[in-house]
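Trainee: First the structure, then my questions, so here it is.
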Amino acid sequence: MVRLKNGFWSRLWSNVCRWNYSFWQWYKSIYVGRPWYVKAVSGLCTMVVSVILLLIAVDINFLWLFGKSPSINEIMHPKTNNASYVYSADGVLLCKYYDENRTPVKYNQVNPLFFKALVDTEDERFYSHHGVDYTGMLAAVKDYVIHRHARGASTITQQLVKNMFKVRSTNRGLLGHVPGFGILISKIKEWILATKVELFYDKQDIITMYANTVDFGNNAFGIKTAARTYYNTTPDSLTLDQCAVLVGLLKATSSYNPRSNPERSQWRRNVVLWNMVTHGDLLQARYNEMKNEPTQLHINIETPNDGRALYFRNAVHDEMQAWCEENDVDFYTDGLKIYTTVDSRVQEHAEEAVMQQMYQVQHNFERRWGSDPCWVDNKGDSIPGFPQQVLRTTDYYKQMVSRFPHNPDSVNHYMNTPHKMKLFMYDRDRRTGRIVAGYREVNMSPIDSVRHMLHFMHCGLVAIEPRTGFVRAWVGDIDYTTWKYDKVKSMRQPGSTFKLFVYSAAMESGMTPCSTERDDYLSMNVFNEQKNQWEQYTPRNANGDFSGQDMSLRQAFVQSINVVAVRTGTDERVGMEKVRKTAQAMGIKSPLVPMKATEAKPSLCLGAMDVNLLELTNAYGTVANYGKEHDPVLVTKIVRVEPDGSETVLYNYKDRQQEEQAISPQSAFYMQQMLMAGITDAGGTSNNLESWVGPYMRSTDFGGKTGTSQNHSDAWFVGVTPNLVAGVWVGGEYRSIHFTSTQGQGGKTAMPICGAFFEKVFQDSRLRPSYTGRFVSLGLPPSSYDCDPQPVVRNDEPADEPAMQEVTDSLGAGEPGAEGDLGNLGAEGTQQQAPAAAEEPGAENPAGNNGGHKRHNNAGGGSNATPPAGQPSTGNEPQRKK
0 MVRLKNGFWS
10 RLWSNVCRWN
20 YSFWQWYKSI
30 YVGRPWYVKA
40 VSGLCTMVVS
50 VILLLIAVDI
60 NFLWLFGKSP
70 SINEIMHPKT
80 NNASYVYSAD
90 GVLLCKYYDE
100 NRTPVKYNQV
110 NPLFFKALVD
120 TEDERFYSHH
130 GVDYTGMLAA
140 VKDYVIHRHA
150 RGASTITQQL
160 VKNMFKVRST
170 NRGLLGHVPG
180 FGILISKIKE
190 WILATKVELF
200 YDKQDIITMY
210 ANTVDFGNNA
220 FGIKTAARTY
230 YNTTPDSLTL
240 DQCAVLVGLL
250 KATSSYNPRS
260 NPERSQWRRN
270 VVLWNMVTHG
280 DLLQARYNEM
290 KNEPTQLHIN
300 IETPNDGRAL
310 YFRNAVHDEM
320 QAWCEENDVD
330 FYTDGLKIYT
340 TVDSRVQEHA
350 EEAVMQQMYQ
360 VQHNFERRWG
370 SDPCWVDNKG
380 DSIPGFPQQV
390 LRTTDYYKQM
400 VSRFPHNPDS
410 VNHYMNTPHK
420 MKLFMYDRDR
430 RTGRIVAGYR
440 EVNMSPIDSV
450 RHMLHFMHCG
460 LVAIEPRTGF
470 VRAWVGDIDY
480 TTWKYDKVKS
490 MRQPGSTFKL
500 FVYSAAMESG
510 MTPCSTERDD
520 YLSMNVFNEQ
530 KNQWEQYTPR
540 NANGDFSGQD
550 MSLRQAFVQS
560 INVVAVRTGT
570 DERVGMEKVR
580 KTAQAMGIKS
590 PLVPMKATEA
600 KPSLCLGAMD
610 VNLLELTNAY
620 GTVANYGKEH
630 DPVLVTKIVR
640 VEPDGSETVL
650 YNYKDRQQEE
660 QAISPQSAFY
670 MQQMLMAGIT
680 DAGGTSNNLE
690 SWVGPYMRST
700 DFGGKTGTSQ
710 NHSDAWFVGV
720 TPNLVAGVWV
730 GGEYRSIHFT
740 STQGQGGKTA
750 MPICGAFFEK
760 VFQDSRLRPS
770 YTGRFVSLGL
780 PPSSYDCDPQ
790 PVVRNDEPAD
800 EPAMQEVTDS
810 LGAGEPGAEG
820 DLGNLGAEGT
830 QQQAPAAAEE
840 PGAENPAGNN
850 GGHKRHNNAG
860 GGSNATPPAG
870 QPSTGNEPQR
880 KK
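Just so you know, the sequence shown maps onto residues 0 to 881 in numbering that gives the first Met the number 0.
See below:
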């Protein structure tokens, strides 16, 4: 023993020792020389006091030996993991967040037969005991002594405590890690907590909480989810047979599962029914009628991938993550109602448009590449070992490496060994005729599956209301089950869609759409930070030629003339820094300066810096909103449902919404007119949008801008109306995967998707009134924006700027790999699509044929652009039915 120092602690220790010695002497005197009956009574009292002291020690976690128990406050306000529901703006349930798929119900929302079956089977003395069934415990001891097999003695209250407070898996204390002590301590805690629960709740509350927390198997937690999972019904509509099956499940959710073990489930159901007979809750004649009847199931097992707008669900979680951390909120456990801005009808049209048009895009891509490697460098040569590099990023490869850390041959063996897997494929719904996602099982090795996956083109679509910033549709890719990576938020080069900001900055500098700039050879010195030297920068038009003439900014924007865009953005005109600041003010949040650079580069004017589809579409909405910018709104309100049924509002978007004037209304109006001119002016890159929206142009203003990055790696289109803006991106999973011809241009891949989407929205009589409208004139003289174009040779996108964009053979050149396993192009066929207008590099439409005059719209509908005389049609875009 360590010698204690003099002072307080020394005196305290001396007193404790003296008290302990005195108590021991007194306790011995009770037994020494006393009659046997005195000793017996003393021993019994000692046992009772010891049990009481043990219970107190366990409850207070004496010396941290037993683990912390729930407090009184936690018992009175128990927290269970409930699913949160995500609702659309039109009140449709989109999807759910959950760790445990549970939704609580009230006592009167459950068929009373369920509670009778539950009590008769699991706890026949439920209404007479106070949390612990001592009679049942003694019976269990007797059975063990006589038959060496003890019956279960846990009450419903104890099972509730075990489910709600996880006493067997958490807070075990120091003794809980000693073999044999853990289960004893857990049982003692259950007894203590069950007694406390009985003090604070009545029997009706206890049995309801039990029904809401218990696990029924197949990821069904609680009676409401179980009723929906096994019978596709509600708890109050459950039949006697169904109640008995669900109660029977509680003994062993796997052994008595009606889906996987129907015979054992029926036997267990009959045990439950007989228990009801013996307790007077069911007539034996009724039992005899039911015992041989099979159970009719209507299985509807939910998974985390079920629901609608799943890319949007993930985006909502990411958007609100910081708020959740600040306010101690968890979407997956708190049982919230999350009201979002997505409209289920608009979302459905967006998904249909994507599938309908991407089927044709994939068909064209397959025609170009077939089974040949589609991963190529800047010179068009196949990148050696590219699929193997992608394979090394997959979870399966990492699992094999972890399993065989020093045996690469074994890893290689498994990477080349075929096994069963599901493939994505485009399919056609036989009932509606629509293109939908389908799947088929094949035998394929992991490396072959990667090669197969890389041959798929991908897409993102987002639609935003410019006045409010409400996101009405969000499609992150063609199939969430196969590809989890959200293309709406992937970073890619916007190409000529970025010219919107160049000309917006020009309007802010006092220019107008009718201001002119020369389309001529341009060369300037640009400092390359990576090489630490000055280099000559020479922007090129897509066809490699220049008209050598002055043209209006309107015409240059409409026909997407690269040289004019760069010349306008130079320091002698607007200035690159002003272009960058204007873009960021309008809604571009991504950095627009190269990582090692100190200033913006001229190639910024041609979209050489990465942005994502969401911010680009929102920035276009700033133009439609007369220069007012606000962040996209995904969530309008979050509420928590209290135990009494009331709702507490935790979040309201109005408390956080901010709107700023990014550009003047006059500049925004000028850009509206230029976007509209892309459809109406001859030679415009967006001419063909009229093929879809022509019938609605009599009552609604439409505009748009195409964009294509170098090597056709990224194809873009942003469509604009006064009340709805839609952006579309199309491309490969990696930038080295792309078309090698004009088939990969924004006007031939992205614009048809946007056009089909607008067409579906405006065909919907429920939505058309909300989105019909025209831009409001600001009283500006038409001569400032309605100028006749000059007949010049048409030159347009993409921004072919190798100094700023380089496709390499490293995986870093693209976005993260596909998270799914496989995909596949289904049966070949031809999807109706608008004919491609002659646009972008290599398009065969000399402007001399029609470039000198405006094209006037037909009031009765849209018009088709046809190849000029002597020029053949591509044959890949079948004529769209009128």
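All C-beta atoms, glycine included, are put in the ideal place defined by N, C-alpha and C.
Since the model is a prediction, treat every value here as computed from it, not as a measurement.
Any idea what DSSP makes of Arg553, helix, strand or coil?
Mentor: Of the three classes helix, strand and coil, the one that applies to Arg553 here is helix, per DSSP.
Trainee: Per the contact definition of three or more C-beta pairs closer than 8 Å, is the region 694–705 in contact with the region 716–730?
Mentor: Cβ pair count under 8 Å is three or more, so yes.
Trainee: Under the rule that 16 or more other beta-carbon atoms within 10 Å means buried, what is Ser514, buried or exposed?
Mentor: Looking at its Cβ environment, which holds 16 or more other Cβ atoms inside 10 Å, Ser514 is buried.
Trainee: If distances are taken between C-alpha atoms only, which option among Pro234, Asn274 and Ile300 comes closest to Pro257?
Mentor: Ranking Pro234, Asn274 and Ile300 by Cα distance to Pro257 puts Ile300 first.
Trainee: Can you tell me which of the three DSSP states His176 falls into?
Mentor: In the structure shown, His176 sits in a helix (DSSP, three-state: H, G or I).
Trainee: Taking the C-alpha atoms as reference points, what is the distance between Ser13 and Trp23?
Mentor: Their backbone Cα atoms lie some 15 Å apart in a straight line.
Trainee: For the candidate residues Leu723, Asp713 and Gln744, whose alpha-carbon lies nearest to that of Glu732?
Mentor: Taking only the C-alpha atoms, the option nearest Glu732 is Asp713.
Trainee: Do Gln535 and Thr684 count as a contact pair if the criterion is CB distance below 8 Å?
Mentor: In this structure, Gln535 does not lie closer than 8 Å to Thr684 by Cβ.
Trainee: What's the call for Gly90, buried or exposed, on a 16-neighbour Cβ count within 10 Å?
Mentor: Exposed, by the Cβ-count rule.
Trainee: Using 8 Å for Cβ pairs, my map puts Gly726 next to Tyr619. What's the rounded Cβ distance?
Mentor: Indeed they touch by this definition, with Cβ atoms about 7 Å apart.
Trainee: Compare the Cα-Cα distances from Arg521 to each of Thr567, Arg639, Ser783 and Asn531 and report the closest residue.
Mentor: Note that residue 521 is Leu in the sequence shown, not Arg. Of the listed residues, the one whose Cα sits closest to Leu521 is Thr567.
Trainee: Could you spell out the range, first to last residue, of the alpha helix (DSSP H) harbouring Glu516?
Mentor: Not the alpha helix (DSSP H): Glu516 falls in the beta strand (DSSP E), residues Thr515 to Arg517.
Trainee: For Lys577, which of helix, strand or coil comes out of DSSP?
Mentor: Helix at Lys577.
Trainee: Any contact of the region 304–318 with the region 330–346, i.e. 3+ C-beta pairs under 8 Å?
Mentor: Output reads yes: the region 330–346 touches the region 304–318.
Trainee: Give me the DSSP bridge partner(s) of Arg765.
Mentor: Arg765 is not bridged to any residue.
Trainee: Which full runs of the beta strand (DSSP E) of 3+ residues lie inside the region 62–121, going along the chain?
Mentor: Taking only runs of at least 3 residues, the beta strand (DSSP E) segments lying wholly in the region 62–121 are 83–86 and 92–96.
Trainee: To the nearest angstrom, how far is it from the Cα of Asp570 to the Cα of Glu516?
Mentor: Straight-line Cα distance between these residues: approximately 14 Å.
Trainee: Taking the beta carbon of Arg793 as the centre, do at least 16 other beta carbons fall within 10 Å, making it buried, or is it exposed?
Mentor: Note on Arg793: pLDDT 43, under 50, position unreliable in the model; the coordinate value appears next. Result: buried.
Trainee: Helix, strand or coil for Pro871 per DSSP?
Mentor: At Pro871 the pLDDT is 33, less than 50, meaning the model places this residue with poor confidence and gives no usable figure here.
Trainee: Kindly confirm or deny that the region 180–189 and the region 55–66 touch, where touching means at least three C-beta pairs closer than 8 Å.
Mentor: A contact exists between the region 180–189 and the region 55–66.
Trainee: Run through the region 589–663 for me and flag every whole beta strand (DSSP E) of 3 or more residues, listed as ranges in chain order.
Mentor: Counting whole runs of 3 or more residues, the region 589–663 contains the beta strand (DSSP E) stretches 634–640 and 646–651.
Trainee: In its own chain, which residues sit with a C-beta less than 6 Å from the C-beta of Leu810, not counting the 5 before and 5 after it?
Mentor: Reliability fails at Leu810, whose pLDDT of 35 lies under 50, so the model's placement of it is uncertain and no value is given.
Trainee: How is the beta strand (DSSP E) around Tyr438 delimited, first residue to last?
Mentor: Taken as a continuous stretch (DSSP letters only), the beta strand (DSSP E) holding Tyr438 covers Ile434 to Met443.
Trainee: Tell me whether Gln830 sits in a helix, a strand or coil according to DSSP, three-state version.
Mentor: Model confidence at Gln830 stands at a pLDDT of 34, short of 50, so the residue's coordinates are unreliable and nothing is read from them.
Trainee: Here's the rule: buried if 16 or more other CB atoms are within 10 angstroms of the residue's CB, otherwise exposed. What is Arg344?
Mentor: So Arg344 counts as buried.
Trainee: With DSSP as the reference, label Phe423 as helix, strand or coil.
Mentor: Note: Phe423 maps to strand in three-state DSSP.
Trainee: DSSP beta-bridge partners for His418?
Mentor: Answer is Met443, bridged to His418.
Trainee: Taking the alpha carbon of Thr707 as the point to measure from, which residue in Ser401, Asn561 and Ile155 has its own alpha carbon closest?
Mentor: Checked all of Ser401, Asn561 and Ile155; the closest Cα to Thr707 is Asn561.
Trainee: Figure out for me which residue from Val622, Met575 and Ala582 has the closest Cα to the Cα of Ser602.
Mentor: It is Met575.
Trainee: Report all residues from its chain with a CB closer than 7 Å to the CB of Val15; omit the five preceding and five following residues, and keep chain order.
Mentor: Around Val15: no qualifying Cβ.
Trainee: Measuring CB to CB, does Phe113 end up less than 8 Å from Ile222?
Mentor: Yes.
Trainee: Per DSSP, what kind of secondary structure is Cys458 in: helix, strand or coil?
Mentor: In the structure shown, Cys458 sits in a strand (DSSP, three-state: E or B).
Trainee: Does the Cβ-Cβ distance between Glu318 and Leu633 come in under 8 Å?
Mentor: Yes, they are a contact pair.
Trainee: Quick check on DSSP: helix, strand or coil for Leu335?
Mentor: Three-state DSSP puts Leu335 in a strand.
Trainee: Going by C-alpha to C-alpha distance, which of Ser740, Lys636, Gly746 and Gln656 sits closest to Asn687?
Mentor: Asn687 has its Cα closest to that of Gly746, out of Ser740, Lys636, Gly746 and Gln656.
Trainee: Distance check for Thr416 and Pro178, CA to CA, integer angstroms please.
Mentor: Computed Cα separation, rounded: 44 Å.
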